[in-house]
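Engineer:
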Amino acid sequence: MYGRKASRLVKELTNVEKGQLTLFNSDLFDQVIAECSQHYVELQSLIRKMQEKGLDVQTSKNEDHYGALIHHLALVRNKRCLMAYLYNRAETLRNLIWKVGLVLPQEVQEKLSHSEEEYFKRHSASLKSYMSRLDLDLVVDMVPPKDPYIQVRVVDNIGEGIVLSDDKTANFAPYSMHFLKRTDAEPFISRGLMEELTG
Amino acid sequence: MANFYDFDDIIAEDEVHTNSPFPLVSVVFQKEANGVGIDPSSETDCVKPGSKVELPFWLASELHLRQVGTMKVPACFNQRTKLELGADATCVDLRSRSPYFYEFGCKIAPLVGDRDLGSFLLSAFKNRYQEVLAKAHNAAFSTASKCSTLLTREETSMYEAAQSSMAAFKKWRVGGPKFQRASILGRKRKPAD
Chain Y
1 MYGRKASRLV KELTNVEKGQ LTLFNSDLFD QVIAECSQHY VELQSLIRKM QEKGLDVQTS
61 KNEDHYGALI HHLALVRNKR CLMAYLYNRA ETLRNLIWKV GLVLPQEVQE KLSHSEEEYF
121 KRHSASLKSY MSRLDLDLVV DMVPPKDPYI QVRVVDNIGE GIVLSDDKTA NFAPYSMHFL
181 KRTDAEPFIS RGLMEELTG
Chain D
1 MANFYDFDDI IAEDEVHTNS PFPLVSVVFQ KEANGVGIDP SSETDCVKPG SKVELPFWLA
61 SELHLRQVGT MKVPACFNQR TKLELGADAT CVDLRSRSPY FYEFGCKIAP LVGDRDLGSF
121 LLSAFKNRYQ EVLAKAHNAA FSTASKCSTL LTREETSMYE AAQSSMAAFK KWRVGGPKFQ
181 RASILGRKRK PAD
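As given, the protein sequences belong to chains Y and D, one line each in that order.
Here the first sequence is numbered in UniProt numbering, starting from 1 and rising by one per residue.
Here the second sequence is numbered in UniProt numbering, starting from 1 and rising by one per residue.
1) Start and end of the beta strand (DSSP E) containing Y:Y149?
2) Of all the options D:M71, D:T44, D:P49 and D:D45, which has the alpha carbon lying nearest to the alpha carbon of D:L55?
3) Return yes when the Cβ of Y:K99 is within less than 8 Å of the Cβ of Y:Y149, no when it is not.
4) Ignoring anything shorter than 4 residues, give me the alpha helix (DSSP H) runs that lie fully in the region 84-170 of chain Y, in order along the chain.
5) Report yes or no: is there a C-beta of chain D within less than 8 Å of the C-beta of Y:A84?
6) On the three-state DSSP scale, how would you describe Y:Y2?
7) By the three-class DSSP mapping on this structure, what secondary structure does D:S26 have?
8) Flag this pair as touching only if the region 66-76 of chain Y and the region 100-114 of chain Y have three or more C-beta atom pairs under 8 Å; answer yes or no.
9) In or out: Y:D27 buried (at least 16 other Cβ within 10 Å) or exposed?
10) Could you tell me the alpha carbon to alpha carbon distance between Y:L82 and D:F4, rounded to whole angstroms?
11) List the residues of chain D whose Cβ lies closer than 9 Å to the Cβ of Y:C81, in chain order.
12) Name the chain D residues that come within less than 7 Å of Y:V41, Cβ to Cβ?
13) DSSP on D:G105, reduced to helix/strand/coil?
14) Could you tell me the alpha carbon to alpha carbon distance between D:N78 and D:L63, rounded to whole angstroms?
15) Using beta-carbon positions only, say whether Y:N88 and Y:V32 come within less than 8 Å of one another.
16) Would you kindly work out how many angstroms separate the C-alpha atoms of D:V174 and D:N138, rounded to a whole number?
17) If I follow the unbroken beta strand (DSSP E) through D:L55, where does it start and stop?
18) Quick check on Y:E17 - is its C-beta less than 8 Å from some C-beta in chain D?
19) Does the region 132-149 of chain Y come close enough to the region 52-64 of chain Y to have 3 or more Cβ pairs within less than 8 Å?
20) Taking the alpha helix (DSSP H) that D:F77 belongs to, which residues open and close that run?
21) Report the CB separation of D:V92 from D:E103 in whole angstroms; it is logged as a contact under 8 Å.
22) Under the DSSP definition of a beta bridge, which residues are partnered with Y:F172?
23) Buried or exposed for D:L152, please, with buried defined as at least 16 other CB atoms from any protein chain shown within 10 angstroms of its CB.
24) Suppose contacts are defined by Cβ-Cβ distances below 8 Å. Is D:G105 in contact with D:L117 by that definition?
25) Name the chain D residues that come within less than 7 Å of Y:N88, Cβ to Cβ?
26) What does Y:L180 pair with, by DSSP beta-bridge criteria?
27) For the beta strand (DSSP E) that D:E32 lies in, which residues bound it at each end?
28) In terms of DSSP beta bridges, what is D:C46 paired with?
Okay, here's the thing in C-alpha cells:
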C-alpha cells in the first residue's frame, strides 16, 4: 500500500519519549524518497499518455486523470510525513540547547544526520551572537545555585591549557579533582566530561 | 487540517492503528483509475468502477471529496459498537477498535452519510470522561492498569493528567517546602535600655 513506509517513519517518532532523539533513520528516509520519485515517474507517464491522446490535461477527467490523482495524493502524503519527521526532530534539537548548552554531547551527535548537525551548529551560532549582543548568558540553569563554586572530578580527557574565566589556565588531567567556578564547570558537566562531587 | 507537522494527526489518518485491520476504509470506486497498484484483487494495475478497495483514510477521504469513489463507514463505528457504547460506555475496549477513536471519528463524520455519528461520539466521550476521571483519582495502581488498556490515546493522556493533578493537589495540601524561620527572629528581644 502507498505511504506505508512514510507512516512507519512517523510512527518511530511517537515511540520515543518526548525530548529524546533516536538515530536518524536515513535508510527508511531514503526509501520514502525513492517511493516519491517512483510516484512522480508514474504520474508523468500518465500525463504524457493523456497528451498523446490529444486531451486537455487541465479539464478532461478520464481514467488516466484519476490514476494520476492517486499518485499525486500519495506524493503529498509522503511529503507531509517526511516534513513532519524532520520538523519534529529539529524542534527536539532546538529544545536540547536549553538543557545541555551550545555544544552537544557525543552520544547525541551520533544520532543526527549531516544536515541536522549543520542546523544545530548554525542555530547555536546565531543564539551565541544574540547572547553576546544582549551580554547575557541565556543557557545557564534557571535555579540559582547555593554556592558559586563547586567541587568537580574530571572523568574524561579534556585537554590541557583551558583558560578559565579568571584568565588562568588549568590542567584537567583525567580523574583529577578541582574546585571551580560553577559557570566554568557547567559546560563540561553537561557534555559529560566532568562530574560534580557532592557530600 | 490540523497542524501539518502533528504526528498524532498524521497517524490518525493512517490505515493501521493497531494490529487489527479495522480502520481501513472501504471505498467503492465510481470512476476508473489507471496505472495504480492499490487494488490487490485486480490483476492489472487498473481499478474498475464498482470495485471495492480498502484504502487508508488519507487517500479515501480525498477520493471521496472528488467523487472518485464513495466511502463506507468503517467497521469501528458500526452498529455493534454503538450498541455496546450505549449499554455501558465505560467497559468497551475502544483501544482495540482504534487508539484514535475520537480523532478518526471526527475526521470521518462530516464525510459519510451517517448523521448521528458526531453526537454519538460526543455522548460516548462524555460518558467515559466521568469514569476515567473517577478512576484516575481513586483507583489503586493494580486495578488502574487493568482499565487503562481499554482507553484510547486521548483518554490515556487525560487519565495521566488527572493523576498528576491529583498528586500535585495532595502535595500542596500536605505542604510544600516551608519557609525556615531565621534563628535570629526566635530570640527574645532585649529589653530596651
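Backbone N, C-alpha and C define an ideal beta-carbon position, used for all residues, glycine too.
Structural biologist: On the basis of the data shown:
1) Y149 to V154
2) D:M71
3) no
4) 106-109 and 114-134
5) yes
6) coil
7) strand
8) no
9) exposed
10) 11 Å
11) F7 and I10
12) Near Y:V41 there are no residues of chain D at all, since even the closest Cβ is about 11 Å away, more than 7 Å.
13) helix
14) 22 Å
15) no
16) 18 Å
17) K52 to L55
18) no
19) no
20) It is not in any alpha helix (DSSP H) - D:F77 carries neither H nor E in the DSSP assignment.
21) Contact doesn't hold; Cβ gap of about 17 Å is too wide.
22) Y:G159
23) In the sequence as presented, Leu is not what sits at residue 152 of chain D; that position holds Thr. Counting Cβ neighbours within 10 Å, D:T152 comes out buried, since at least 16 surround it.
24) yes
25) Y5 and F7
26) Y:I150
27) Neither: D:E32 is in no beta strand (DSSP E) and is coded neither H nor E.
28) D:N34
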